[in-house]
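Structure first, commentary second.
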Amino acid sequence: MQALADELASLPGRKSADASRTLARLLLLRGIETAESAAQFLSPSLSQLHSPYLMTGMKAAVDRLDAAIERKQGILVYGDYDVDGTTAVVILKTAIELCGGTADFHVPHRIREGYDLRGDVIERAAAAGIRLVISVDAGTRAFAAAESARRAEIDLIITDHHLLGPEGLPHAFAVVNPNQPGCDYPCKSLCGAGIAFKVAQALMERRLPHRDQATLLLSFMKIAAIATIADSVPLVGENRVIASLGLNALRKAVNPGLKALLEVAELGGKGLSSGEVAFRIAPRINAAGRMDVAADVIELFSTKDPTQAHQIAARLDKLNSDRQEEEKRILIAIEQRIADEAGLRDSYCMVIDGEGWHRGVIGITATRIVERYGRPTLVVSRDGEDAHGSGRSIPAFHLLNALESCAPLFSRFGGHAYAVGFSLRSCNLSELRLQLDTYARTQLSLADFEPTLNVDAELPLDAITPDLFETIRKLEPFGAGNPGPAFCATARLSAPVKAVGEKHVRMKLAPGLINGAANGWRRALVHNAVGWRLAERVAEAKLLAGDMLDVAFTLDQNEHAEFGGIELSLRDFKTRAAGSSNDSTSAVSVGS
2 MQALADELAS LPGRKSADAS RTLARLLLLR GIETAESAAQ FLSPSLSQLH
52 SPYLMTGMKA AVDRLDAAIE RKQGILVYGD YDVDGTTAVV ILKTAIELCG
102 GTADFHVPHR IREGYDLRGD VIERAAAAGI RLVISVDAGT RAFAAAESAR
152 RAEIDLIITD HHLLGPEGLP HAFAVVNPNQ PGCDYPCKSL CGAGIAFKVA
202 QALMERRLPH RDQATLLLSF MKIAAIATIA DSVPLVGENR VIASLGLNAL
252 RKAVNPGLKA LLEVAELGGK GLSSGEVAFR IAPRINAAGR MDVAADVIEL
302 FSTKDPTQAH QIAARLDKLN SDRQEEEKRI LIAIEQRIAD EAGLRDSYCM
352 VIDGEGWHRG VIGITATRIV ERYGRPTLVV SRDGEDAHGS GRSIPAFHLL
402 NALESCAPLF SRFGGHAYAV GFSLRSCNLS ELRLQLDTYA RTQLSLADFE
452 PTLNVDAELP LDAITPDLFE TIRKLEPFGA GNPGPAFCAT ARLSAPVKAV
502 GEKHVRMKLA PGLINGAANG WRRALVHNAV GWRLAERVAE AKLLAGDMLD
552 VAFTLDQNEH AEFGGIELSL RDFKTRAAGS SNDSTSAVSV GS
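Below is the structure:
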């Protein structure tokens, strides 16, 4: 570690020895062991993008798009209704039009049409003169729709990132999916919009060689970054490049729709973090497909009229508020079911159904239940004889494989290890509940349900400095595959805890003494800390000023004009018994 720390200290942007050692440890935990790989990780650039043509099917797809543009053939971009799908439509439709083509689009209605390509939509497109359909974020399991395209003499290009089923791939003119057999593309974890971005990259290189390709790519990366973060793909490799450069480019948003969206989310005119995209931008985009018509998103990013853009953005903001209310209503019902049914509480894979639950919010509701109970969860909305569901999982349980184990029960299903969507007859729900729980018990133990908190390193509070904080920020953007570093330390509560609303608390923490010895003036520093959703825990612990705590935390920046600055975001804590040793021992084990 010291060798890497010494090399890091010599890189541009000089860091202190302590900061260099901390950064070296964090990089090593991420599998980055050399100064060269560290420099690439810390400074993403366009040169780190892979050639699109390394992806199987890319040349055939771009050749066909190029021919369609030359022949002035109608093109239909067929997407999904979530953030990933709608932004992918925007990216590819914009690129086609920029290259001289004409593209219409279709985004299915979540309730009336459901996920994936539909044969009747393709047949209507053929009747309207469309000769080329290209899917984004969908199509990997659309066998019937692919057959409809063949019969209608439409060339179908599938671009997708979802995993294949046991039956393989649909028959199409071209399939662009890095997860298909025989594809050696280096980044397998691109989201649907990321793959649309690669198609756009290849198409623009083909048809716009005279344009500044770097400027073009950065303009498309703004949208691709939102989807990459929202879809929770690992923020490493090419995904890190897209997310990092895209977030930076969002500082100078010029698209009227994008500017309006940032304004309604109260994020205009500032640099964005991955967290702000995930929790303030993405939900507003998602709300269109969850609660109404996802086509609003394409219209938002397509309009050149600032007034219309603001109207659409305001509508998305209102839909997001409606979504929050509906989600809250379903969560209350689920919580009551879990409290009343011991069998549900004890199941290894929870299947929870309700009549008429809004299908647009059951996926995010499943996420909330997994976060709260730590068990794989399927939330199902019954509509008479039919039922539609979404599932979310935990790291130890591959949810798509679980659904494959009882495939005959479904009319359709798909997804990946951590998230799935499906449809089935309502009468099959009892059998689904039984089979999934039986399967889960062969794959999981009770230990898999225990909440775990991995921390990267011990970090005494007196070692937290602006230099260290800025050094750690070089690891951004944080997200799946590159979580924000978590630290542990011993601390002393220096003032009474203050409540923030009903669920949160604020604390003032001073460095804990080690063997009763002070360590210079820094021992007198007091750090502000916020405990999100820790109010109940703090009340149970009956904390008093002067109590010694073991804390796990991340480092954040509070932007408030009066009390802003470095702030500890508490992830967990435990009290130290009176008279216990002051050795710096964490409440959680340090990851390696």
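Taking the numbering used here, the leading residue of the sequence shown gets 2, the next gets one more, and so forth.
Beta carbons: idealized from backbone N, C-alpha and C, even for Gly.
Unbroken alpha helix (DSSP H) runs of length 4 or more, entirely within the stretch 66-125: which are they? 84-99
From the DSSP output, in three-state form, read off R393 for me. Correct three-state label for R393: strand.
Can you say whether G489 is buried or exposed, counting buried as having 16 or more other CB atoms within 10 angstroms of its CB? A small correction: the amino acid at residue 489 is Cys; Gly does not occupy that position in the sequence shown. By the neighbour-count rule (16 or more Cβ atoms within 10 Å), C489 is buried.
What runs of the beta strand (DSSP E), each 3 residues or longer, lie entirely inside the stretch 277-364? 351-356
Once you ignore the five residues that flank A283 on each side, which residues in its own chain have a CB closer than 8 Å to its CB? V84, I227, I230 and A231
Just checking my contact of Q181 with T57 at CB under 8 Å: how many whole Å lie between their CB atoms? 6 Å
Does L47 pass the burial test, meaning 16 or more other C-beta atoms within 10 Å, or should it be called exposed? exposed
Is A496 closer than 8 Å to A546 when the C-beta atoms are compared? yes
Helix, strand or coil at G193 according to DSSP, with G and I counted as helix: Three-state DSSP puts G193 in a helix.
Evaluate the contact criterion for the stretch 110-130 versus the stretch 89-96: three or more CB pairs, one atom per stretch, below 8 Å. no
Between A518 and D463, what straight-line distance do the alpha-carbon atoms span, to the nearest angstrom? Note that A518 has pLDDT 45, beneath the 50 cutoff, so the model's placement of it is unreliable and the number below is only indicative. Going from the Cα of A518 to the Cα of D463 covers about 13 Å.
DSSP state of A20 mapped onto helix, strand, coil: helix
Check whether F470 and I567 have beta carbons under 8 Å apart: yes
Using only alpha-carbon positions, find the residue among D468, I159 and Y440 that is nearest to L77. I159
Does the distance from the C-beta atom of S427 to that of R383 stay below 8 Å? yes
Using only alpha-carbon positions, find the residue among K575, K475, A540 and D551 that is nearest to S21. The candidate whose alpha carbon is nearest that of S21 is K475.
Rounding to the nearest angstrom, what Cα-Cα distance links N516 and A25 in this structure? Its pLDDT being 42, under 50, N516 is placed unreliably in this model, and the coordinates cannot settle the point.
Kindly indicate which residue of G195, T35, L219 and I395 has the alpha-carbon position closest to the one of H1. Residue 1 is absent from the model: the chain starts at 2 and stops at 593.
Output the distance between the C-alpha atoms of V108 and G290, rounded to the nearest integer angstrom. 9 Å
Distance, Cα to Cα, F479 vs A458? 17 Å
Following the continuous beta strand (DSSP E) through S412, name the residue where it begins and the one where it ends. F411 to G416
Identify which residue in Y82, A36, A397 and I363 has its Cα closest to the Cα of A381. This sequence places Val at residue 381; Ala is not what is there. That would be I363, whose Cα lies nearest to the Cα of V381.
CB-CB length for D573 against L454, believed under 8 Å: 5 Å
Return helix, strand or coil for D557, following the three-state DSSP convention. Residue state, collapsed to three classes: strand.
Is the number of C-beta pairs between the stretch 247-263 and the stretch 292-311 that are closer than 8 Å three or more? yes
Could you tell me which of V234, H211, C100 and A145 sits nearest to C188, measuring between CA atoms? V234
C489, DSSP secondary structure in three states: strand
Ignore the nearest five residues each way along the sequence and tell me which others in P452's own chain have a CB closer than 7 Å to its CB. Short of 7 Å from the beta carbon of P452, and not among the five residues preceding or following it, lie these beta carbons of its own chain, in chain order: G375.
DSSP state of K60, grouped into three classes? If DSSP states are grouped into helix, strand and coil, K60 belongs with the helices.
Comparing alpha-carbon positions, which option in A139, R369 and G415 lies nearest I395? R369
Burial state of N483, where buried means 16 or more other Cβ atoms lie within 10 Å: buried
Which of helix, strand or coil does DSSP assign to G247? helix
Have a look at R212, G415, T216 and P53 and flag the residue whose alpha-carbon is nearest the alpha-carbon of C184. P53
Where DSSP assigns a beta bridge to A500, which residues make up the other side? V506
Beta carbon of L433 nearer than 8 Å to that of L410: yes
Cβ neighbour criterion (16 or more within 10 Å) applied to N240: buried
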